[in-house]
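*Asks:* Please find one structure pasted underneath; my questions will follow.
Number of protein chains: 2
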Amino acid sequence: MEYNITRKERDCIVALHENSGFPIRLFNIADILKIKAPTAFELIKRLESKNIISKTNGVISLTPYGNSIYSEIIMAHRTLELILTKSGVNSDMACEQIEKIDYLMDDASVQKLFKSLGQPQTCPHGKPVKLS
Amino acid sequence: MEYNITRKERDCIVALHENSGFPIRLFNIADILKIKAPTAFELIKRLESKNIISKTNGVISLTPYGNSIYSEIIMAHRTLELILTKSGVNSDMACEQIEKIDYLMDDASVQKLFKSLGQPQTCPHGKPVKLS
DNA sequence: AAATATTTTAGTATTATACTAATATTATGG
DNA sequence: CCATAATATTAGTATAATACTAAAATATTT
Chain A
27 MEYNITRKER DCIVALHENS GFPIRLFNIA DILKIKAPTA FELIKRLESK NIISKTNGVI
87 SLTPYGNSIY SEIIMAHRTL ELILTKSGVN SDMACEQIEK IDYLMDDASV QKLFKSLGQP
147 QTCPHGKPVK LS
Chain B
27 MEYNITRKER DCIVALHENS GFPIRLFNIA DILKIKAPTA FELIKRLESK NIISKTNGVI
87 SLTPYGNSIY SEIIMAHRTL ELILTKSGVN SDMACEQIEK IDYLMDDASV QKLFKSLGQP
147 QTCPHGKPVK LS
């Protein structure tokens, strides 16, 4: 898929997916990411222009492309999380660590790591590794 | 040690160490990193102000602090490289991948990964994993 | 000293991030 | 339906990292 995003964009994508239970608006993003509305506005504008999110009546959601990026991020995240925790890294530590890099990983490499781990179903928190 | 550097700063640090056989000057850095002299000048100024490099008669070298950062980067790099190549990722691919993240890794996590790999002496290219 | 090499300054640009203050828009309660 | 409150947007500013060109300053070397 080959996407190119920044850390804040990554956090926004993840926040959108993880809060998909209710309608997310600009001010929710601002709250979750702890940024002011105009900063969120800019971020959202950028993600819209990249076709990663879309807005309908102020409600923001991931596009199919955005969703596919989320899947790659989360797969990388949980795969790496497994590797780190297996080595004895505390799982909160691991999570914090990996947030910095999961969106930078190449999917092909992550797939290979995943296979070499025996295609595990869940991450250390019990969440599914592979989505969709 | 807890350092905070950017990708270009990382590349500069690595270039300095890997070319330590001869005196490296600003124009060498510019050549190696494929940037123009004024851009290199800025980069070098930043690294000097962070106490990572120092200049003597135009010859640039890593400070002890800079060297310790290099060691952490390279340990992270080779440890991750081993993990990826073990999973079947081509070693050039792995290297390219890991350059993007090695300088972002927390050293404590890397140490644990390294131990869980059995404290290997060398990376896939035969270079030492652990320096100093 | 002249020519060449190298460094530095000055000025500009872009992208991502972030803020305040003000304005506009939309929704809601009365 | 209108006033208030809630949300979103615009305008303006700022910083850090990256990068460039053109010009000036320094060194170095014939």
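Same order as they appear, the protein sequences are chains A and B.
Numbered by my numbering, the letters in the first sequence go through residues 27 to 158 in order.
Numbered by my numbering, the letters in the second sequence go through residues 27 to 158 in order.
Backbone N, C-alpha and C fix where the C-beta goes; we use that ideal spot for every residue, glycine too.
#1: In chain A, which residues lie less than 9 Å from Lys-138 (chain B) when you measure between Cβ atoms?
#2: Considering only residues of the stretch 85-126 of chain B, which uninterrupted beta strand (DSSP E) runs meet the minimum length of 3 residues and lie entirely inside it, listed in chain order?
#3: In whole angstroms, what is the alpha-carbon distance linking Arg-104 (chain A) and Gln-123 (chain A)?
#4: Quick one: list the residues of chain B neighbouring Met-101 (chain A), beta-carbon separation under 7 Å, in chain order.
#5: Please report the Cβ distance between Lys-138 (chain B) and Ser-113 (chain A), rounded to the nearest whole angstrom; I am assuming they are in contact, meaning their Cβ atoms lie under 8 Å.
#6: Counting contacts by CB-CB distance shorter than 8 Å, is Leu-88 (chain A) in contact with chain B?
#7: With distances taken Cα to Cα, identify the nearest neighbour of Arg-36 (chain A) among A:Leu-143, A:Ala-102, A:Ala-63.
#8: Hey, quick one: how far does the beta strand (DSSP E) through Thr-82 (chain B) stretch, first residue to last?
#9: Checking 8 Å against the spacing of the C-beta atoms, do Lys-126 (chain B) and Leu-106 (chain A) come in under that value?
#10: Name the chain A residues whose beta carbon is nearer than 7 Å to that of Ile-127 (chain B)?
#11: Inspect the beta-carbon positions of Ile-39 (chain A) and Tyr-96 (chain A) and report whether they are closer than 8 Å.
*Replies:* Straight from the coordinates:
#1: Leu-110, Ser-113, Gly-114, Val-115
#2: 85-88
#3: 12 Å
#4: Under the 7 Å cutoff, chain B gives no residues; its nearest Cβ is about 14 Å from Met-101 (chain A).
#5: 4 Å
#6: no
#7: A:Ala-102
#8: 79-82
#9: no
#10: Ile-127, Leu-130
#11: yes
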